[in-house]
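In this text, residue positions in the sequence shown follow the working numbering: the first is 260, and each later residue adds one. Written out below as structure tokens is the structure these notes cover.
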Amino acid sequence: MTTADTLPLAPLPETPKKRRRYIGWAIAAGVLVVVVVIGAFVAESVARGIATDRIHDELVTGLALEADHPMNIDLGGGSLIVQGLAGTVDSVHIAIDDVPLGDIVGDIALTATGIPIDMDKPVATVDATVTVDAANVEKLAGSVEGVALDSVTLGDGVIEVAATLEALVFSIPVSATVAPSAADGQLVLAPQSITINGTSTGVDELRDGPLGSLAGGLFGQQSICIAQYLPAILTLEGVDVTETAVVLDFSGDGAVLGADDLAAKGTCH
260 MTTADTLPLA PLPETPKKRR RYIGWAIAAG VLVVVVVIGA FVAESVARGI
310 ATDRIHDELV TGLALEADHP MNIDLGGGSL IVQGLAGTVD SVHIAIDDVP
360 LGDIVGDIAL TATGIPIDMD KPVATVDATV TVDAANVEKL AGSVEGVALD
410 SVTLGDGVIE VAATLEALVF SIPVSATVAP SAADGQLVLA PQSITINGTS
460 TGVDELRDGP LGSLAGGLFG QQSICIAQYL PAILTLEGVD VTETAVVLDF
510 SGDGAVLGAD DLAAKGTCH
């Protein structure tokens, strides 16, 4: 056979080594991504757990609660790790039921924003509400000086109190409409109207009359110190009354939330 008669050889098929290599790298990259995601998730979960435990412990100290007192702590959305690296946590929402306030208990809801990782630095804002239900408000009846109350009823923005005054051989039913307010860390109860034996009359007139000596506490302004049961960083700003509860509004903008600061109780002037 001559050279001209030689048939060309077909090229050998290319081996799939490169394709297998690409597939291997893709799988490895996918596994790496999964590992990173899982690691980030675990790290975020651990960070939130540590932060939640610390906040719980700080509040247990600040509110003089039992170590296992339940509370709901919400650290908000977004990555806590990223926020921590920036030095500030965006927001924290906390709900604590049955917080002792002297002879009564109340439910506390607290929201703080701009919380520094360094607890010795001030937060941006702190807003808190203390909700005292009707049953606990009735326990405050003993706080009215000079008179024993028969009943305490919550209304729309006011508190209705009733008592029976004893004058010689007479028993005189008396009721008062009280408007609560806040002043110097205290819950102030000031009578707005008085009803004696079914007849409405002026507060000043009764206070200066013969019945004034029998129930001066009912006719005069009364103050109940709430600040002494709460951290001094919280200032009572307002009071709202509904038919089911008295809601006390507090603020603490610029407060420092370290344990020592939370442990210091407020005072009334």
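We put the CB at the ideal spot given by N, CA and C, even for glycine. Owing to the predicted nature of the structure, the values given are computational and were not obtained by experimental measurement.
- Message: Here's the rule I'm using: 16 or more other beta-carbon atoms within 10 Å means buried, otherwise exposed. How should Q451 be labelled?
- Response: Counting Cβ neighbours within 10 Å, Q451 comes out exposed, since fewer than 16 surround it.
- Message: Assuming contact is defined by CB atoms lying nearer than 8 Å, are S391 and G365 in contact in what I supplied?
- Response: In the sequence as displayed, the identity of residue 391 is Val instead of Ser. For the pair V391 and G365, the CB atoms are nearer than the 8 Å cut-off.
- Task: Determine the contact status of S537 and T494, defining contact as a CB-CB distance below 8 Å.
- Result: Residue 537 lies beyond the stretch modelled for the chain, which goes from 260 to 528, so this question has no answer here.
- Message: Per the DSSP calculation, P359 is bridged to which residue(s)?
- Response: Its beta-bridge partners are V364.
- Looking only at DSSP bridge pairs, what is S352 linked to? The question names Ser, but residue 352 in the sequence shown is His. Answer is D333 and T370, bridged to H352.
- Item | Opposing strand residues paired with E317 [DSSP bridges] | Answer is none; E317 lacks a bridge partner.
- Message: When you compare the segment 302-318 with the segment 497-508, are there three or more beta-carbon pairs, one atom per stretch, that lie closer than 8 Å?
- Response: Short answer: they don't touch.
- Return the residue from the list I367, L339 and T501 that minimises the CA-CA distance to P375. Nearest option by C-alpha distance: L339.
- Message: Quick check on V385: buried or exposed, where buried means 16 or more other Cβ atoms within 10 Å of its Cβ?
- Response: So V385 ends up on the buried side.
- Do you know how far the Cα of G525 is from the Cα of A441? Those two C-alpha atoms are separated by around 14 Å.
- Opening and closing residue of the beta strand (DSSP E) in which V515 lies: For V515, no beta strand (DSSP E) encloses it, and the DSSP letter there is neither H nor E.
- Task: To the nearest angstrom, report how far apart S350 and T503 are at their CA atoms.
- Result: Distance between the alpha carbons of S350 and T503 is about 29 Å.
- What's the gap between the Cα of V296 and the Cα of A302? Note on V296: pLDDT 46, under 50, position unreliable in the model; the coordinate value appears next. Taking the straight line joining both Cα atoms gives about 10 Å.
- Query: Hey, would you say the C-beta of V437 is under 7 Å away from at least one heavy atom of the ligand GDP?
  - Reply: In the structure on display, the ligand GDP does not appear, and there are no ligands present to speak of.
- Message: With H, G and I counted as helix, E and B as strand and the rest as coil, what does DSSP make of I453?
- Response: Per DSSP, reduced to three states, the secondary structure at I453 is strand.
- Message: Taking 6 Å as the limit between beta carbons, can you name the residues of its chain near V447, skipping five residues before and five after?
- Response: So the list reads S440 and S482, once near-sequence residues are dropped.
- Query: Relative to the C-alpha of L360, which residue among G416, A323 and V515 is closest?
  - Reply: Comparing Cα-Cα distances from L360 to each of G416, A323 and V515, the minimum goes to A323.
- Task: Please name the residue, chosen from L424, A407, Y488 and I367, that lies closest to H352 on a Cα-to-Cα basis.
- Result: Distances from the CA of H352 to each of L424, A407, Y488 and I367 were compared; the closest alpha carbon is that of I367.
- Query: Which residues in the same chain have their Cβ closer than 7 Å to the Cβ of M330, if we skip the five residues on either side of it in sequence?
  - Reply: Counting only Cβ-Cβ distances below 7 Å, and skipping sequence neighbours, we find H315, L318, I353, A354 and I355.
- Taking the C-alpha atoms as reference points, what is the distance between E425 and A407? Using only the alpha carbons, I get a separation of about 11 Å.
- Query: V420 and A435 look like a contact to me (Cβ under 8 Å); what is the Cβ gap, rounded to whole Å?
  - Reply: Confirmed, Cβ separation roughly 5 Å.
- Within this structure, are the beta carbons of Q445 and A486 separated by less than 8 Å? Inclusion of Q445 and A486 in the CB contact set at 8 Å is warranted, their separation being smaller than that value.
- If you follow the alpha helix (DSSP H) that A442 is part of, which residue opens it and which one closes it? Element bounds for A442: not the alpha helix (DSSP H) but the beta strand (DSSP E), F429 to A442.
- Task: Measure the Cβ-Cβ separation of T311 and L521 and say whether it is below 8 Å.
- Result: Between T311 and L521, the C-beta gap is not smaller than 8 Å, which leaves the two residues out of contact.
- Which class does Q480 belong to by DSSP, given the choice of helix, strand or coil? In the structure shown, Q480 sits in coil (DSSP, three-state: anything other than H, G, I, E or B).
- Item | Anticipated Cβ contact below 8 Å, P432 with N456, distance rounded | Going by Cβ atoms, the distance from P432 to N456 rounds to 6 Å, so yes, they are a contact pair.
- Query: What is the residue span of the beta strand (DSSP E) that L344 lies within?
  - Reply: For L344, there is no enclosing beta strand (DSSP E); the residue is found in the alpha helix (DSSP H) stretching over L339 to A345.
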